[in-house]
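**Student:**
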Amino acid sequence: MVGKKKAGSRQPTHGDRLRDLAEKMEEFRIGLVLDAGIEEELRIRHLQVVDATRASLGLPIVDYTVTDTPLQVEMWVDPKCGKSSGRIKRPDSLLRAVENLINSSQVNAVAVVARFPDDGVEEVDDYRQGKGVDLLAGVEAVISHLVVKEFQIPCAHSPALKTFPLSLSLCPKSAAEEIGYTFLPCVLAGLSRAPQYVIRNSGSSEQGCIIASEVDSVILPINACGGEGILAFARGSRYKPLIIAVEENQTVLGDTPNKFGIDAVTVANYWEGIGVIASHKAGVDPYSLRRYGIDNIRFAITADCCACCNRGGKGCPLEVPREYQRCRYGCPYPVTTQRRIDFATRLIGGYDRVIYPHRVVCSGGSSDVSYHYDVARKEVSSEEEYHHNHTRMG
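For what it's worth, this note's numbering labels the leading residue of the sequence shown as 284, then goes sequentially.
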């Protein structure tokens with residue numbers, strides 16, 4: 284996500300940055316929760332990593348605790364969609380440990396290290412080679428989301444696993460995770476810069492906070508658009524950010540922008556995505572940078588003027604119900620009400636739309652795709668489905 288610069292705000296000085304950093308270091312306190320199921324040697328390795336980050340990076344990690352019982356992590360691949368998932372059998376133990384850290388050490392961010400099962404090595408090895416699904420990530424998300432939902436503080440998870448065997452054909456993207464006994468260093472470094480959550484209507488000041496209206500653009504994989512965050516941005520009534528969907532970053536999900544009716548700019552890769560963000564921040568229509576990205580300006584079609592006026596007088600041959608309006612410009616063909624236009628366009632989604640009575644015509648570039656709107660059933664069907672149903676009913 285890319286934020287907007289507030290109008291009229293002065294640029295912070297070096298002294299301002301130092302004061303902000305000092306205040307942040309005084310206020311920011313990270314705690315560590317270790318799974319009781321971690322073997323002693325592996326636990327010591329993780330504590331050594333914590334000390335290393337405190338001494339070399341200066342990270343504010345204040346205390347750690349161990350759960351009162353093993354968390355018993357289970358992980359699997361969802362057979363329906365292929366994504367990784369899982370659960371912990373003892374979430375109560377995790378929540379008690381986090382609560383103890385918050386109460387005793389006043390931490391406002393938590394790192395969790397849970398002992399993961401060592402089976403499923405083949406799937407993990409595929410990920411190390413740069414292919415396949417991250418088998419660990421699904422249940423990691425379950426763990427961190429559980430803590431965030433309960434305590435409203437940042438949480439990140441690092442799995443505890445036995446050391447992987449040496450691989451001579453390791454993917455460079457996975458190499459950083461191979462140089463030690465643990466994934467913990469990057470988790471702690473990220474938490475040290477994690478934003479704090481502010482509960483709306485809690486009386487907390489929003490000064491210095493990033494709120495939804497200040498998010499200028501969002502970039503994400505093209506088939507990962509089903510999350511709560513992106514849907515909230517896309518369906519907001521005001522201050523919608525530019526949503527950029529990247530084709531190269533594929534996932535096993537099928538949550539494309541069209542599936543959810545999200546208006547998004549599709550780019551081939553993150554190189555293109557950065558260019559779109561730069562043009563958007565400069566106030567330039569990203570499509571103007573494409574050779575054929577801009578079409579001729581169109582006449583606005585509203586509930587007061589039907590599509591027939593703008594299609595050479597060609598009217599819809601279908602029988603029209605009485606509840607439709609008449610065009611105020613004298614066209615003999617009725618036009619749908621705005622309420623029905625909104626209803627039909629929500630169902631179709633993602634196209635330039637021209638609305639006829641009974642009919643929704645979606646511009647597809649060189650050709651038009653027609654859908655039929657059944658007023659009685661409030662359904663939209665394709666041309667083929669419409670004729671098939673009416674022939675069968677006749």
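Glycine included, C-beta positions come from ideal geometry on N, C-alpha and C.
So what does DSSP say about Val416, is it helix, strand or coil?
**Tutor:** The sequence position of residue 416 within the sequence shown is 133, counting from 1. Three-state DSSP puts Val416 in coil, outside helix and strand.
**Student:** Quick one, are the C-beta atoms of Ala495 and Gly519 less than 8 Å apart?
**Tutor:** Working through the sequence shown from its first residue, we reach residue 495 at position 212. Working through the sequence shown from its first residue, we reach residue 519 at position 236. A contact, by the Cβ cut-off of 8 Å.
**Student:** State the Cα-Cα distance for the pair Thr348 and Tyr480, rounded to the nearest angstrom.
**Tutor:** Here residue 348 refers to the residue found at position 65 when the sequence shown is read from its first residue. Here residue 480 refers to the residue found at position 197 when the sequence shown is read from its first residue. Spanning the two alpha carbons is a distance of roughly 23 Å.
**Student:** With DSSP collapsed to three states, give me the class of Arg622.
**Tutor:** Counting from 1 along the sequence shown, the entry for residue 622 is found at position 339. With a pLDDT of 41 at Arg622, under the threshold of 50, the modelled position of that residue is not reliable, and the figure given next carries that caveat. Helix, per DSSP.
**Student:** Give me the residue from His428, Arg328 and Ala397 with the minimum Cα distance to Pro510.
**Tutor:** In the sequence shown, residue 510 corresponds to position 227, counting from 1. Reading off the sequence, residue 510 comes out as Gly, not Pro. Checking every option, the nearest Cα to that of Gly510 belongs to His428.
**Student:** Which residues in the same chain have their Cβ closer than 7 Å to the Cβ of Val356, if we skip the five residues on either side of it in sequence?
**Tutor:** Locating residue 356 in the sequence shown gives position 73, where the first residue counts as 1. These residues qualify, in order along the chain: Gly369, Ile371, Ala397, Arg398, Phe399, Pro400 and Val422.
**Student:** Are the beta-carbon atoms of Gly473 and Ala439 separated by less than 8 Å?
**Tutor:** The residue labelled residue 473 in the question sits at position 190 within the sequence shown. The residue labelled residue 439 in the question sits at position 156 within the sequence shown. A contact, by the Cβ cut-off of 8 Å.
**Student:** Which same chain residues, not among the five before or five after Lys366, have their C-beta less than 8 Å away from its C-beta?
**Tutor:** On the sequence shown, position 83 is the one that residue 366 refers to. These residues qualify, in order along the chain: Val360, Val416, Gly421, Thr534, Val535 and Leu536.
**Student:** Which residue comes first and which comes last in the alpha helix (DSSP H) that contains Cys469?
**Tutor:** Taking the sequence shown and counting its residues from 1, the one referred to as residue 469 is at position 186. Cys469 -> alpha helix (DSSP H) spans Leu467 to Leu474.
**Student:** Near Ser436, which residues of its chain fall below 8 Å by C-beta distance, leaving aside the five closest residues on each side in sequence?
**Tutor:** The residue labelled residue 436 in the question sits at position 153 within the sequence shown. Per the sequence shown, the amino acid found at residue 436 is Ile instead of Ser. Closer than 8 Å at the Cβ level, and outside the excluded window around Ile436, lie Ile385, Val390, Asn391, Ala392, Val393, Val430, Gln479 and Tyr480.
**Student:** Can you name, in chain order, every residue of its own chain whose Cβ lies under 7 Å from the Cβ of Arg326, other than the five neighbours on each side?
**Tutor:** Counting from 1 along the sequence shown, the entry for residue 326 is found at position 43. Here the set comprises Leu317.
**Student:** Are there 16 or more other CB atoms within 10 angstroms of the CB of Asp334, so buried, or fewer, so exposed?
**Tutor:** Taking the first residue of the sequence shown as position 1, residue 334 is located at position 51. Asp334 should be labelled exposed.
**Student:** Leaving out five residues before and five after Val345 in sequence, what residues of the same chain have Cβ atoms less than 6 Å from its Cβ?
**Tutor:** Locating residue 345 in the sequence shown gives position 62, counting from the first residue. For Val345, where only same-chain residues beyond five positions count, the Cβ hits under 6 Å are Arg312 and Ser388.
**Student:** If you measure between the beta carbons of Ala515 and Ile545, is that distance less than 8 Å?
**Tutor:** Within the sequence shown, numbered from 1, the residue matching residue 515 stands at position 232. Within the sequence shown, numbered from 1, the residue matching residue 545 stands at position 262. Cβ atoms of Ala515 and Ile545: not closer than 8 Å.
**Student:** State the CB to CB distance for the pair Leu444 and Thr336, rounded to an integer number of angstroms; the pair is presumed to be in contact (CB under 8 Å).
**Tutor:** The residue labelled residue 444 in the question sits at position 161 within the sequence shown. The residue labelled residue 336 in the question sits at position 53 within the sequence shown. About 19 Å; that fails the 8 Å criterion.
**Student:** Going by DSSP in three states, Gly558 sits in which element: helix, strand or coil?
**Tutor:** For the purposes of this step, residue 558 is identified with residue 275 of the sequence shown, where counting begins at 1. Helix, per DSSP.
**Student:** Could you give the uninterrupted runs of the alpha helix (DSSP H) lying entirely in the region 493-519, keeping only those of 4 residues or more?
**Tutor:** Runs of the alpha helix (DSSP H) inside the region 493-519: 511-517.
**Student:** Mapping DSSP to helix, strand and coil, what is Tyr521?
**Tutor:** Working through the sequence shown from its first residue, we reach residue 521 at position 238. Note on identity: in this sequence residue 521 is Arg, with Tyr being the wrong assignment. Here Arg521 sits in coil by DSSP.
**Student:** Could I get the ranges of all uninterrupted beta strand (DSSP E) runs contained in the region 349-414, with 3 residues as the minimum, in chain order?
**Tutor:** DSSP runs (the beta strand (DSSP E)) wholly in the region 349-414: 356-360, 367-371 and 392-398.
**Student:** Which residues in the same chain have their Cβ closer than 7 Å to the Cβ of Gly556, if we skip the five residues on either side of it in sequence?
**Tutor:** The sequence position of residue 556 within the sequence shown is 273, counting from 1. Excluding residues within five positions, the ones whose Cβ falls inside 7 Å are Ile502, Ile527, Val529 and Val550.
**Student:** Which residues in the same chain have their Cβ closer than 8 Å to the Cβ of Ala319, if we skip the five residues on either side of it in sequence?
**Tutor:** As a first step, residue 319 is located in the sequence shown; it is residue number 36 there, counting from the start. Same-chain partners within the cutoff: Val349, Thr350, Asp351, Thr352, Pro353, Leu354 and Ser376.
**Student:** On the three-state DSSP scale, how would you describe Ser450?
**Tutor:** Within the sequence shown, residue 450 is the residue found at index 167, counting from 1. Ser450: coil per DSSP, three-state reduction.
**Student:** Can you give me the C-alpha to C-alpha distance between Ala477 and Arg581, rounded to a whole angstrom?
**Tutor:** Numbered from 1 along the sequence shown, position 194 holds the residue referred to as residue 477. Numbered from 1 along the sequence shown, position 298 holds the residue referred to as residue 581. Taking the straight line joining both Cα atoms gives about 45 Å.
**Student:** With a Cβ-Cβ cutoff of 8 Å, do Pro504 and Asn532 count as a contact?
**Tutor:** Reading the sequence shown from its first residue, position 221 is the one you call residue 504. Reading the sequence shown from its first residue, position 249 is the one you call residue 532. Taking 8 Å as the Cβ cut-off, Pro504 and Asn532 qualify as a contacting pair.
**Student:** Alpha carbon to alpha carbon, how far is Asn383 from Arg574?
**Tutor:** Position 100 of the sequence shown, counting from 1, holds the residue named residue 383. Position 291 of the sequence shown, counting from 1, holds the residue named residue 574. When rounded, the distance between both Cα atoms is 60 Å.
**Student:** Can you look up Leu315 in the DSSP assignment and give me helix, strand or coil?
**Tutor:** Translated into the one-based positions of the sequence shown, residue 315 becomes position 32. Strand at Leu315.
**Student:** Roughly how many angstroms lie between the CA atoms of Asp538 and Arg521, to the nearest whole one?
**Tutor:** Numbered from its first residue, the sequence shown carries residue 538 at position 255. Numbered from its first residue, the sequence shown carries residue 521 at position 238. Cα to Cα, Asp538 sits roughly 23 Å from Arg521.
**Student:** Since Val333 is in the alpha helix (DSSP H), which residue starts that stretch and which ends it?
**Tutor:** By one-based count along the sequence shown, residue 333 stands at place 50. Glu323 to Ser339 is the extent of the alpha helix (DSSP H) around Val333.
**Student:** Taking the alpha-carbon positions, what's the Glu414 to Gly558 distance?
**Tutor:** Position 131 of the sequence shown holds residue 414. Position 275 of the sequence shown holds residue 558. Strictly speaking, residue 414 in this sequence is Lys, with Glu absent from that position. Approximately 27 Å, taken between the alpha carbons.
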